[in-house]
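Report on one structure; see the data block that follows.
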Amino acid sequence: MSGEFNLIETYFVGRQTQRCDVLLAAGDDCALVEAPSGYSIAISTDTLVSGTHFLANANPGWVAHKALASNISDLAAMGATPAWVSFALTMPEVDEEWLAPFCDRFFALADQYGIQLIGGDTTKGPLSLTLTVQGLVPKGEALRRDGAKEGDEIYVTGSLGDSQAGLDVILNPTNAGKPNARVLEQRHYLSSPRIKVGEALRGIASAAIDISDGVVSDLGHILKRSSVGAEVDVEKLPVSAQLVEFVASRESALQYALISGEEYELCFTVPEAKREAMWQALADVDCVITRIGQINNSGTLTLTKDGQAISWQLSGYDHFKSN
Ligand code: ADP
Ligand code: MG
1 MSGEFNLIET YFVGRQTQRC DVLLAAGDDC ALVEAPSGYS IAISTDTLVS GTHFLANANP
61 GWVAHKALAS NISDLAAMGA TPAWVSFALT MPEVDEEWLA PFCDRFFALA DQYGIQLIGG
121 DTTKGPLSLT LTVQGLVPKG EALRRDGAKE GDEIYVTGSL GDSQAGLDVI LNPTNAGKPN
181 ARVLEQRHYL SSPRIKVGEA LRGIASAAID ISDGVVSDLG HILKRSSVGA EVDVEKLPVS
241 AQLVEFVASR ESALQYALIS GEEYELCFTV PEAKREAMWQ ALADVDCVIT RIGQINNSGT
301 LTLTKDGQAI SWQLSGYDHF KSN
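Heads up, the sequence shown stops at 323 in UniProt numbering, and the numbers go up one at a time, no gaps.
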């Protein structure tokens, strides 16, 4: 991109205090970092494409938050502590009115989570953001998807469904007049990755995942990788009062909670024997934790409501039906 170097210097370099494990940040051919002994490095990459993951006219600060938060959330799901991020930016032209608020918000969130931008790439093309985040986790303590066992309890953080409601507002202006429309729109963009929860669950959770595709789908990944089944009580899914008002019934809110993606909450499993240890470890973490079900050996996911198994269409929006 012409003027790339100036753009990088202006917007991306020297915006943060240097972490002591960063030997060399942006400016050379590679960044140099040093992992402490006894730690593994957790690495994840995610791309956000304009028109697919955010609308071209979306608030650039909110887009920055969504891009970085969704990547940090993957570190949370592994129980890793954020350390370094690389950022590949593709944009049609240098748009300073977009870049300035984007970068302000990007670095504010990066500082909040202690993650340093160490490099990237800048190219011309349709607007797209690719981030690679790296975090540190003590060897052998990473939270994986494949450790859930029969009898383990299933928990989620925060509340579910708000992100889908926010998307309804973003995609369909007729929803803007519904109660809490603006709050829910912001919830869609401005999630709070659950790093503190992930760190606290090291050595306690048997499996974990972050909710990017909807709890049914993401819990399904844990079940598949762990070769187990589960029963989830739909009535237990945590929903916000704002969402219930927006969709006008608790019933609809629960349906949103089941399928809502891009929540960036955690879904995790804990052996019964570690339940007390879990609550102790989470005592100082400012996050609501809700038990929603239990792992079994059925090999399938059963949703129950009022004690009855319900049928579930993966398309999601169908009304609940009794078997
Ligand atoms: P190269 O041609 O070696 O890939 P670049 O001109 O692409 O080098 O980048 C120069 C330096 O600026 C590198 O250290 C790179 O990591 C950094 N950089 C480029 N784009 C970004 C960006 N969007 N954010 C942070 N650092 C960047
Ligand atoms: Mg380059």
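Beta carbons are placed, not taken as given, at the ideal position from N, Cα and C, and that holds for glycine.
Nearest candidate by alpha-carbon position, reference residue i, set the options
i: Val22; options: Thr157, Ser86 and Thr47; result: Ser86
i: Leu32; options: Ala69, Pro92 and Leu117; result: Leu117
i: Lys274; options: Arg202, Asp306 and Arg250; result: Arg202
i: Gln134; options: Ala76, Arg250, Ile295 and Asn297; result: Ala76
i: Glu97; options: Pro60, Met78 and Ala88; result: Pro60
i: Ile43; options: Ile72, Pro173 and Ala67; result: Ile72
i: Thr52; options: Asp28, Val137, Arg250 and Leu171; result: Leu171
i: Ala248; options: Asp74, Lys178 and Ile310; result: Lys178
i: Ile204; options: Arg291, Met278, Asn297 and Gln242; result: Met278
i: Leu219; options: Val137, Arg19, Asn296 and Ile195; result: Asn296
i: Pro271; options: His221, Ile154 and His188; result: Ile154
i: Ile41; options: Gly14, Ala230 and Met78; result: Met78
i: Asp286; options: Lys236, Phe246, Lys196 and Gly299; result: Lys196
i: Gly140; options: Ser240, Thr122 and Tyr39; result: Tyr39
i: Glu199; options: Asn57, Gly14, Asp284 and Arg105; result: Asp284
i: Gly299; options: Asp28, Gln242, Thr174 and Lys224; result: Lys224
i: Leu99; options: Ala230, Lys236 and Glu9; result: Glu9
Contact belief for residue i with residue j at Cβ below 8 Å, rounded distance in angstroms
i: Gly293; j: Pro238; result: Gly293 to Pro238, Cβ: 13 Å. No contact.
i: Gln164; j: Tyr256; result: 5 Å
i: Asn180; j: Glu263; result: Contact flag wrong, Cβ pair sits at about 16 Å.
i: Thr45; j: Thr132; result: 4 Å
Other residues of its chain near residue i: CB distance less than 7 Å, five sequence neighbours each side excluded
i: Gln16; result: Phe107, Ala110, Asp111, Gln116 and Leu117
i: Ser192; result: none
i: Ser315; result: No answer about Ser315 holds up, because its pLDDT of 43 lies below 50 and its placement is not dependable.
i: Phe54; result: Leu48, Val63 and Lys66
i: Ala176; result: Val169
C-beta atoms of residue i and residue j nearer than 8 Å
i: Ile259; j: Val216; result: yes
i: Leu301; j: Val232; result: yes
i: Asp152; j: Ser206; result: yes
i: Thr269; j: Ala148; result: yes
i: Ala64; j: Thr130; result: no
i: Ile209; j: Arg145; result: yes
i: Leu184; j: Gly166; result: yes
i: Ala83; j: Arg19; result: yes
i: Leu266; j: Val156; result: yes
i: Tyr189; j: Cys103; result: no
i: Leu7; j: Val137; result: no
Cβ shell of residue i (< 6 Å), same chain only, five flanking positions each side left out
i: Val234; result: Leu254, Leu303 and Lys305
i: Met91; result: Leu127
i: Gly119; result: Ala26, Ala31 and Ser86
i: Ala35; result: Ile41
i: Ile222; result: Arg145, Ala148, Ala207 and Ile209
i: Arg250; result: Val244
i: Ser240; result: Ser159 and Asp162
Cβ neighbours of residue i in the same chain (closer than 8 Å, five flanking residues each side left out)
i: Asp261; result: According to the sequence as given, residue 261 is Gly; it is not Asp. Cβ neighbours of Gly261 beyond the five flanking positions: Ser163, Gln164, Ile211, Ser212, Asp213, Gly214 and Ser217.
i: Gly114; result: Arg19, Thr81, Pro82 and Ala83
i: Tyr317; result: Per-residue confidence for Tyr317 stands at a pLDDT of 34, beneath the threshold of 50, marking its modelled position as unreliable; no derived number is given.
i: Ala56; result: Ser50 and Leu127
Distance cut-off 7 Å: residue i Cβ against heavy atoms of the ligand SAH
i: Ile292; result: No copy of the ligand SAH appears in this structure; the ligands present are the ligand ADP and the ligand MG.
Taking the runs of the beta strand (DSSP E) that are 3 residues or longer, which of them lie wholly in the UniProt domain "PurM-like C-terminal" (149–304)? 153–157, 207–210, 229–233, 266–270 and 289–296
Curious, which full-length beta strand (DSSP E) runs of at least 3 residues does the segment 11–41 contain? 22–24
With a floor of 3 residues, list each beta strand (DSSP E) that falls wholly inside the UniProt domain "PurM-like N-terminal" (27–137), ordered by position along the chain. 39–49, 81–91 and 116–124
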